[in-house]
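Residue numbers (UniProt numbering): 1 to 207. Glycine residues also receive a C-beta, built at the ideal position from the N, C-alpha and C atoms. Computed from a predicted model, the values in this text were never measured in an experiment. Working notes, beginning with the structure itself.
If you want it as C-alpha cells, here you go:
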C-alpha cells in the first residue's frame, strides 16, 4: 500500500502518490462525501435534529448518548403531548431517571430503545417516569408513522392517475387501503368478501 501509484495522464500533484493515499483520499473519502450529501438531501434539518434527539434515549454503553437538553428539545416537537408544566416535570424526571438507570444492573446491556421500553414496563419505571416513557414511545412510533406516510404518498401515484385525477377523497381512501395493505387483503378469502357484500343489501341476483 505504500508503493507509488503510477498515475495515468496529466499529473496535477507535485509529489508521488501512494496506493494508500489514492484509496483513502480519492476513493474512500469521496464515497463518504457522496453518502453524506445524499443523507443531507434526503433528510431536512428538522428531521436530522429529530434523529439526534431520539438517539439520546439509546441505552447502549450505559446511556452514554444521554442529553437532557436534547430530550427536552425533542419533547418540544410535540406540544399536544407536553404542556408548560410538563416541561418542568420532564426535566426533573430526566435527572432522576438517568441517575437511577445508570446504576441499575437491570438496565445494563440493553440493545436499543425497544429493549429500554420493554424493561421500563417490566420494572414499572413507566409509572415512575411517565413523561420519560412518553418520549420513548414517541421515539419508537415516529419512524413507523413516517414510513407509513411516505408509503401512502408513494402509492398515490399509482392510484390517482391522469384517468382518475378527479377521484373523491373517500373513493381514493378506499382504493389506497387495499393497495397499501395488500398483504392483509391477500389473506382474505374472496368467498368471504362476496358473502359480506350479499349481507349489505338484498339483491335480485346472487353474486
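Check: Taking the C-alpha atoms as reference points, what is the distance between residue 149 and residue 59?
Finding: Because residue 149 carries a pLDDT of 49, less than 50, the predicted location of this residue cannot be relied on, and no value is offered for it.
Check: Who pairs with residue 34 in a beta bridge, going by DSSP?
Finding: For residue 34, which the question treats as bridged, DSSP gives no partner whatsoever.
Notebook entry, point to check: Could you check where the alpha helix (DSSP H) with residue 60 kicks off and where it finishes?
Noted result: Element bounds for residue 60: 60–63.
Check: For the alpha helix (DSSP H) that residue 84 lies in, which residues bound it at each end?
Finding: From DSSP, the alpha helix (DSSP H) with residue 84 extends over 84–101.
Check: Looking at the unbroken alpha helix (DSSP H) that takes in residue 27, where does it start and where does it end?
Finding: No alpha helix (DSSP H) holds residue 27; DSSP gives it neither H nor E.
Check: Should the segment 71–87 be regarded as contacting the segment 16–26, the criterion being three or more beta carbon pairs within less than 8 angstroms?
Finding: At 8 angstroms Cβ cutoff, the stretches do not touch.
Notebook entry, point to check: How close, in whole Å, do the beta carbons of residue 136 and residue 97 come, if the pair is a contact with beta carbons under 8 angstroms?
Noted result: Contact doesn't hold; Cβ gap of about 10 angstroms is too wide.
Note to self: On the criterion of 16 or more Cβ atoms from any shown chain inside 10 Å, does residue 113 qualify as buried, or is it exposed?
What the structure shows: Residue 113 should be labelled buried.
Checklist line | Alpha carbon of residue 168 to alpha carbon of residue 139, nearest angstrom | finding: Roughly 34 angstroms separates the two Cα atoms.
Item checked: Unbroken alpha helix (DSSP H) run spanning residue 176, endpoints -> Where residue 176 is concerned, the enclosing alpha helix (DSSP H) stretches over 169–180.
Next item on the list: Tell me whether residue 209 is buried or exposed, calling it buried when 16 or more other Cβ atoms sit within 10 Å of its Cβ.
Entry: Only positions 1 to 207 of the chain appear in the structure, and residue 209 is not among them; the question remains open.
Next item on the list: Out of 141, 104, 130, 196, state which residue places its alpha-carbon closest to the alpha-carbon of residue 86.
Entry: Minimum Cα distance to residue 86 is reached at 130.
Margin query: I need the straight-line Cα distance from residue 115 to residue 104, nearest angstrom please.
Written below: Rounded to the nearest angstrom, the two C-alpha atoms are 15 angstroms apart.
Note to self: If you measure between the beta carbons of residue 121 and residue 63, is that distance less than 9 angstroms?
What the structure shows: No, the pair does not count as a contact, with Cβ atoms beyond the cut-off.
Check: Taking the alpha carbon of residue 52 as the point to measure from, which residue in 70, 134, 127, 88 has its own alpha carbon closest?
Finding: Of the candidates 70, 134, 127, 88, the one whose C-alpha sits nearest the C-alpha of residue 52 is 70.
Note to self: Here's the rule I'm using: 16 or more other beta-carbon atoms within 10 Å means buried, otherwise exposed. How should residue 125 be labelled?
What the structure shows: Flag for residue 125 reads buried.
Check: Count the other CB atoms within 10 Å of the CB of residue 107; is the residue buried (16 or more) or exposed (fewer)?
Finding: The C-beta of residue 107 has 16 or more other C-beta atoms within 10 Å across all chains shown, which makes the residue buried.
Checklist line | Neighbourhood of residue 56 by C-beta, 7 angstroms cutoff - its chain only, sequence neighbours within 5 removed | finding: Answer for residue 56: 65, 66, 67, 70, 71, listed in chain order.
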